[in-house]
Amino acid sequence: LLEQVNSCISQIISGVLLEQEDWHSSVERAEKDLYFLPENENVIFASALHGYGFCLSDFAKMWSKKINISEADILSRLFTDSYFSKGTIREDAERNGKKALFEQFILQPLWDVHSCGLLNDDLEKLKAFADKMNIKIRSKRAAEGFDEFMRGWLPLASACFRAATQASPSCRSFTRPGRLASLSLHETHPLNEAVKACDSTGITVLFIAKILHYGDSVLAMCRILSGSIHKDDELFLIENKPKNDDSEEKQKISISNVYLLMGREKVPVERAVAGTVCAIEFSGQLLATTLCSEPVPVGLVHVTRGAEPLVRVSVQPEGGMDELKSLRIALKQLSVLDSNIRVIEQENGELAMFAAGEVHLQKCLTDLYDMGHDNVKVSQPSVPFFETIISVPGTSSSSIQPVDCNIRSGIAKIKLRAAPLPRQLVEHLEKNEEALRDLRQGRFTKAVENLHQTLVQEGINWLKDYKGSIWSKQRVEQLRNFIDRIWAFGPPRARFNILFNAVADYERPSIWKKQTTKLRYFDQSMIAGFDLAMSAGP
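Per UniProt numbering, the very first residue in the sequence shown carries number 1; after that it's consecutive.
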């Protein structure tokens, strides 16, 4: 089993590091750090049925006193083809027909105890073993006495705790480039050096991982990446994304208590330092994942590599408006802590939550219950129509036919075609969300002007280079005309959609210029219909 697991790890490491110049040495270093090897104390031999477990060091320490050989020497050779003879450890146990150290020092004693308790039903002999180990057995049946003896001799909790302490010290974890990148840290990030140093005397940086409802109080489970935290401290709440207005005063969060979490218990402490995980009781709303003693412009964001959220459920409280308001805040906090969650408020007032899949959805609901919202109604999960990771064979976006819509009484006939936008264009719209907001509110700011110029200069190329789409078949002049004749961008919850006016003889004021000209009949009706369709989703 260990060979198979390590073989998989080796393949993953080789695939990740193959592109590096010195990949041979990098692979060897990574394998040494990541392989599961019993002598490295990262393998626990355990029985879930009987509730015991051990590492090699448990038996190495015990046998070291009996055979007068150092514990380190025994540990390094206990899982090898070595055997013990005449006071020394020798090689080639299999070739010489001898029992290997693992069989002789570990399996044989375990088998003797198993035989007494589970095979021969010999409670007296089992008690004799227990007396030698200073373990008391109160059970009157051998099978129950066996479990009691093994849990006292080789407790699983102790083995797990020791294995955890052998891991890399937490204060050094974020010196690795991969760990830094997991929190969107880079060389120019204002918190990069502080997190790498993990100095308890430096500026205080906390990363919020989870919100917990504990009795009447709400706790935030967090990791201290730098500095220290005390009761009654005040820290700045740092937004996940930088704001254009640097003069805006940042919100402060007051820490009313600091706790050490031990299982289901919380232990109040005066201080927690860099490299530790703790829980804080706070006042206010945590709508970001970073708390800092300095008002830095941008915080830390956990980078996830999950799929885009597809599974949707409707979440409603059982109670009245007060519970709805509380649930809305909790969902907003949840979407901040997990970037793979999307939460929207639908036109009918219902709250909808999107998750990456049903397993992810269940985790989100569990987190919601942990935040104290267990009195909620959750609809059956649904996947929006035409959302799939598998493309239909032999089709392209250009082959999707236009749709004719006839308005009752023959007032109008509308011909529509839906086509995907290139990734670069969507990403540029995401970066200019404020400009889209200004444009929709009729404010022709500098950001709006810059957005128009970029779409004219770069957007045309993005559309033209989108292979297999309807855009790639258009001439450059037609695409420039499309940009100038944009009818509207999407509504607040679906801004990154565009309605193009492709009706040749339908002239209307350009959205890029401030106009006083009266709009044509039904112009606003078209925009309203577009907004409703985009808000409804795919």
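For every residue, glycine included, the Cβ atom is placed at its ideal position computed from N, Cα and C.
Keep in mind that this is a model prediction, so the values were computed, not measured.
If contact is defined by three or more beta carbon pairs under 8 angstroms, each pair taking one atom from either stretch, is the segment 73-85 in contact with the segment 122-136?
no
Distance check for residue 261 and residue 271, CA to CA, integer angstroms please.
If I take the Cα positions, the gap works out to 13 angstroms.
Roughly how many angstroms separate the alpha carbons of residue 218 and residue 330, rounded to a whole number?
11 angstroms
Do residue 279 and residue 183 have their beta-carbon atoms positioned less than 8 angstroms apart in this structure?
For residue 183 and residue 279, no; Cβs fall outside 8 angstroms.
Where residue 46 and residue 63 are concerned, what is the direct C-alpha to C-alpha distance, given to the nearest angstrom?
20 angstroms
Check whether the Cβ atoms of residue 198 and residue 180 sit closer than 8 angstroms, and answer yes or no.
no
For residue 44 versus residue 167, is the C-beta distance shorter than 8 angstroms?
no
How far does the beta strand (DSSP E) with residue 373 in it reach, from first residue to last?
No beta strand (DSSP E) contains residue 373, which DSSP labels as neither H nor E.
Tell me which same chain residues have a C-beta within less than 7 angstroms of the C-beta of residue 274, skipping the five on either side of it?
171, 198, 199, 200, 224, 225, 226, 227, 228
Do you know offhand how far residue 120's Cα is from residue 93's?
30 angstroms
Among 489, 472, 482, which one has its Cα closest to the Cα of residue 442?
With distances taken between Cα atoms, residue 442 lies closest to 489.
For residue 315, which of 405, 355, 482, 236 has the nearest alpha-carbon?
355
Using alpha carbons as the reference points, say which of 437, 346, 293 lies closest to residue 190.
293
DSSP three-state call for residue 316: helix, strand or coil?
strand
Nearest by alpha-carbon distance to residue 318: which of 532, 350, 455, 414 is it?
With respect to the C-alpha of residue 318, the residue from 532, 350, 455, 414 having the closest C-alpha is 350.
Which runs of the alpha helix (DSSP H) at least 4 residues long sit entirely within the segment 64-118? Give them in chain order.
71-77, 108-114
What does a CB cutoff of less than 7 angstroms around residue 204 pick up in its chain, not counting 5 residues either side in sequence?
Counting only residues of its own chain and dropping the five nearest sequence neighbours on each side, residue 204 has a CB closer than 7 angstroms to the CB of 226, 227, 228, 229, 235, 292, 293.
Provide the residue span of the alpha helix (DSSP H) that contains residue 323, from first to last.
321-337
Considering only the beta carbon of each residue, do residue 77 and residue 89 sit closer than 8 angstroms?
yes
Runs of 4 residues minimum, wholly inside the UniProt domain "Elongation factor-like GTPase 1" (417-502): which ones carry the alpha helix (DSSP H) assignment?
423-431, 433-440, 446-454, 460-464, 476-484
Name the DSSP beta bridge partners of residue 279, please?
221, 259
Does residue 199 come out as helix, strand or coil in the three-state DSSP assignment?
In the structure shown, residue 199 sits in coil (DSSP, three-state: anything other than H, G, I, E or B).
In or out: residue 374 buried (at least 16 other Cβ within 10 Å) or exposed?
Around the beta carbon of residue 374, a 10 Å sphere encloses fewer than 16 other beta carbons of the protein chains shown; the residue is thus reported as exposed.
With H, G and I counted as helix, E and B as strand and the rest as coil, what does DSSP make of residue 535?
helix
Let me confirm a value: residue 390 is counted as buried when at least 16 other C-beta atoms fall within 10 Å, else exposed. Which label applies?
At residue 390 the pLDDT is 46, less than 50, meaning the model places this residue with poor confidence; the figure from the coordinates comes in the next sentence. Residue 390 is exposed by the Cβ-count criterion.
Going by C-alpha distance, which of 511, 135, 58 is nearest residue 448?
511
With 16 as the cutoff for other CB atoms within 10 Å, does residue 320 come out buried or exposed?
exposed
Which word fits residue 534, buried or exposed, when buried means at least 16 other C-beta atoms lie within 10 angstroms of its C-beta?
buried
Return helix, strand or coil for residue 58, following the three-state DSSP convention.
Residue state, collapsed to three classes: helix.
How long is the line joining the alpha carbons of residue 31 and residue 497, rounded to whole angstroms?
47 angstroms
Measure the alpha-carbon distance for residue 114 versus residue 49 and round it to whole angstroms.
In this structure, the straight-line span from the alpha carbon of residue 114 to that of residue 49 is close to 13 angstroms.
Could you tell me the alpha carbon to alpha carbon distance between residue 241 and residue 478, rounded to whole angstroms?
36 angstroms
Less than 8 angstroms separating the beta-carbons of residue 334 and residue 370?
no
Ignoring anything shorter than 4 residues or poking outside the segment 142-180, list the alpha helix (DSSP H) runs there in chain order.
142-153, 156-165
Do you know offhand how far residue 259's Cα is from residue 231's?
Going from the Cα of residue 259 to the Cα of residue 231 covers about 9 angstroms.
Would you check if the distance between the CB atom of residue 283 and the CB atom of residue 254 is smaller than 8 angstroms?
Yes, the Cβ-Cβ distance between residue 283 and residue 254 is below 8 angstroms.
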